[in-house]
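When we follow the UniProt record's numbering, the leftmost residue of the sequence shown carries the number 1, and every step to the right adds one. All C-beta atoms, glycine included, are put in the ideal place defined by N, C-alpha and C. Treat the numbers as computed from the prediction; the structure is a model and nothing was measured.
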Amino acid sequence: MKAEDDLFTFLSPCQALDRTFHIYRNRWLLFTQLALFAILPQIALTVYLKSATNMDEKNILPDLAVVFGDPFTDSVAFLFIELAAFCVFNTIMQAIMIQVVAEYYTQTKSTLQGSLRVLWDRFHTVHCYLWFYTFTYCCFMVELVMTALIVFNPTHWSLIVLMAICACFAAYFVFWATVNLPIMIVERHRGPELAKKANALICGHGCYLLFSMMLLLVPLLAGNWMYRRLLDEFFGTAAFTIALKGLVGVLFLPLRTILLAVLYFSARVKAEGLTMEALTEELKRDDPFNSRIAEDNGELETCLGMVPVVSS
Numbered sequence: 001m002k003a004e005d006d007l008f009t010f011l012s013p014c015q016a017l018d019r020t021f022h023i024y025r026n027r028w029l030l031f032t033q034l035a036l037f038a039i040l041p042q043i044a045l046t047v048y049l050k051s052a053t054n055m056d057e058k059n060i061l062p063d064l065a066v067v068f069g070d071p072f073t074d075s076v077a078f079l080f081i082e083l084a085a086f087c088v089f090n091t092i093m094q095a096i097m098i099q100v101v102a103e104y105y106t107q108t109k110s111t112l113q114g115s116l117r118v119l120w121d122r123f124h125t126v127h128c129y130l131w132f133y134t135f136t137y138c139c140f141m142v143e144l145v146m147t148a149l150i151v152f153n154p155t156h157w158s159l160i161v162l163m164a165i166c167a168c169f170a171a172y173f174v175f176w177a178t179v180n181l182p183i184m185i186v187e188r189h190r191g192p193e194l195a196k197k198a199n200a201l202i203c204g205h206g207c208y209l210l211f212s213m214m215l216l217l218v219p220l221l222a223g224n225w226m227y228r229r230l231l232d233e234f235f236g237t238a239a240f241t242i243a244l245k246g247l248v249g250v251l252f253l254p255l256r257t258i259l260l261a262v263l264y265f266s267a268r269v270k271a272e273g274l275t276m277e278a279l280t281e282e283l284k285r286d287d288p289f290n291s292r293i294a295e296d297n298g299e300l301e302t303c304l305g306m307v308p309v310v311s312s
């Protein structure tokens, strides 16, 4: 029996990849539209930063010194701006894509308008996670860069080991935060409940999730690196090259997001015996934060209605 014949079965890593591509082919137009909402602002920001500083190999030092007075500070500042934009736009669209995958599992029709409406309904839940994930990802990149700098310019082995350990911890927190996203979108968990569910999922299926993700991410990253090198060789560092590099995300972002959702559902099938009926009920459940706001508004309207109106 093929993996697509029964959606609620535990999948091997290869079967998870097969289902990922099957879901992408089934709803590729919607995934492409959602990915463009994330990729185009990032391309525009990168082109703007590059044009504003005119960063080429000949005048990078004089031009970068204009903004902050220090070339290294400028480079770090622009890098963090791009990283923050990457995390913010990608995470927002990933939340919608996970909802689309969940609707595929429940055999529900997905539309662009409906997906954007879902994001609006869960904005209060997503935006808190958004800043946490952005901070975690930036810390991971800082640790990674500092470790690389120390390794290539060794001063003391104990410092290298310490930075490598810090980088590993940061990588774990990025992985942990990534697993939190489908739990938050599908099951509506928040705070301690979200952390508890993520810890349980990683403890039980962490190696399965990580290995399956690496099966997709390693070839994608290798292909992306080769693609970027070819563009640099043929077109240099023009704005056109930046746009072509960024458009790769139109394919990469949906694939890795779909795989994350597929692995999440597969792990839940094995751990909890997840069924279509249970998943359908979870998707129909109201967001606790929005429900609390609605209750508070209702109580406020009731109190205002009890206030007597004094006519002049």
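Could you tell me how far apart the beta carbons of residue i and residue j are, in whole angstroms, since I believe they sit closer than 8 Å?
{"i": "Leu-181", "j": "Ile-98", "result": "7 Å"}
{"i": "Val-262", "j": "Arg-19", "result": "5 Å"}
{"i": "Phe-265", "j": "Leu-274", "result": "7 Å"}
{"i": "residue 314", "j": "Leu-17", "result": "The structure shown does not extend to residue 314, since the chain spans only 1 to 312, so no value can be given for it."}
{"i": "Ile-96", "j": "Leu-119", "result": "5 Å"}
{"i": "Val-101", "j": "Ile-23", "result": "6 Å"}
{"i": "Phe-140", "j": "Val-174", "result": "5 Å"}
{"i": "Val-248", "j": "Tyr-227", "result": "6 Å"}
{"i": "Phe-10", "j": "Lys-197", "result": "Going by Cβ atoms, the distance from Phe-10 to Lys-197 rounds to 18 Å, so no, they are not a contact pair."}
{"i": "Val-126", "j": "Ile-92", "result": "7 Å"}
{"i": "Thr-32", "j": "Gly-246", "result": "That belief does not hold up - the Cβ atoms of Thr-32 and Gly-246 are roughly 14 Å apart, past 8 Å."}
{"i": "Ala-167", "j": "Glu-143", "result": "4 Å"}
{"i": "residue 313", "j": "Leu-112", "result": "Past the boundaries of the shown model lies residue 313; the chain is included only from 1 to 312, so the question cannot be answered."}
{"i": "Cys-138", "j": "Leu-83", "result": "5 Å"}
{"i": "Phe-252", "j": "Leu-231", "result": "Not a contact, Cβ separation roughly 15 Å."}
{"i": "Arg-27", "j": "Tyr-104", "result": "7 Å"}
{"i": "Arg-190", "j": "Arg-285", "result": "Not really, about 13 Å apart at Cβ, beyond 8 Å."}
{"i": "Ala-38", "j": "Asn-90", "result": "5 Å"}
In this structure, does DSSP put residue i in helix, strand or coil?
{"i": "Phe-235", "result": "helix"}
{"i": "Leu-11", "result": "coil"}
{"i": "Thr-134", "result": "helix"}
{"i": "Gly-273", "result": "coil"}
{"i": "Gln-107", "result": "coil"}
{"i": "Val-151", "result": "helix"}
{"i": "Val-145", "result": "helix"}
{"i": "Asp-18", "result": "helix"}
{"i": "Val-186", "result": "helix"}
{"i": "Val-248", "result": "coil"}
{"i": "Arg-268", "result": "helix"}
{"i": "Arg-229", "result": "helix"}
{"i": "Arg-256", "result": "helix"}
{"i": "Met-93", "result": "helix"}
{"i": "Asp-6", "result": "coil"}
Counting along the chain, where does the alpha helix (DSSP H) carrying residue i start and finish?
{"i": "Arg-27", "result": "That residue, Arg-27, is in no alpha helix (DSSP H); it is neither H nor E in DSSP."}
{"i": "Ile-165", "result": "157–182"}
{"i": "Val-118", "result": "112–121"}
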